[in-house]
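Residue numbers for the sequence shown follow the UniProt record's numbering, beginning at 1 and rising by one.
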Amino acid sequence: MAHPKRKISKTRRDKRRTHYKATVPQIAKDPTTGEAHVYHRAHWHEGKLYYRGQVLIDNTEEVQA
Numbered sequence: 001m002a003h004p005k006r007k008i009s010k011t012r013r014d015k016r017r018t019h020y021k022a023t024v025p026q027i028a029k030d031p032t033t034g035e036a037h038v039y040h041r042a043h044w045h046e047g048k049l050y051y052r053g054q055v056l057i058d059n060t061e062e063v064q065a
């Protein structure tokens, strides 16, 4: 089984981990409702599911039997 020949220093280890950063999600404003939401994601507003200013699902409509 393979194992390292030399100990990897803390500096070298930390240099490799510099790209593991938490990023703040980008916030967008819906043009129709003015609601703030995560970019490229659909969001609910007053019983309707919006994406890019258009209604995808409308839960406010009553289903007639």
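For glycine and all other residues, C-beta sits at the position ideal for the given N, C-alpha and C.
Check: Closest to residue 51 by CA distance: which of 34, 59, 30 is it?
Finding: For the purposes of this step, residue 51 is taken as the residue at position 51 of the sequence shown. With distances taken between Cα atoms, residue 51 lies closest to 30.
Next item on the list: Following the continuous alpha helix (DSSP H) through residue 10, name the residue where it begins and the one where it ends.
Entry: Within the sequence shown, residue 10 is the residue found at index 10, counting from 1. Unbroken alpha helix (DSSP H) run through residue 10: 10-16.
Margin query: If you follow the beta strand (DSSP E) that residue 45 is in, where does it begin and where does it stop?
Written below: In the sequence shown, the residue the question calls residue 45 occupies position 45. 43-45 is the extent of the beta strand (DSSP E) around residue 45.
Check: Is residue 37 helix, strand or coil by DSSP?
Finding: As a position in the sequence shown, residue 37 is number 37, starting the count at 1. In the structure shown, residue 37 sits in a strand (DSSP, three-state: E or B).
Check: CA-CA distance, residue 55 and residue 25?
Finding: Position 55 of the sequence shown, counted from the first residue, corresponds to residue 55. Position 25 of the sequence shown, counted from the first residue, corresponds to residue 25. Using only the alpha carbons, I get a separation of about 23 Å.
Item checked: Residues of its chain near residue 47, where Cβ-Cβ distance is below 6 Å and the 5 sequence neighbours each way are ignored -> Indexing the sequence shown from 1 puts residue 47 at position 47. Excluding residues within five positions, the ones whose Cβ falls inside 6 Å are 59, 60.
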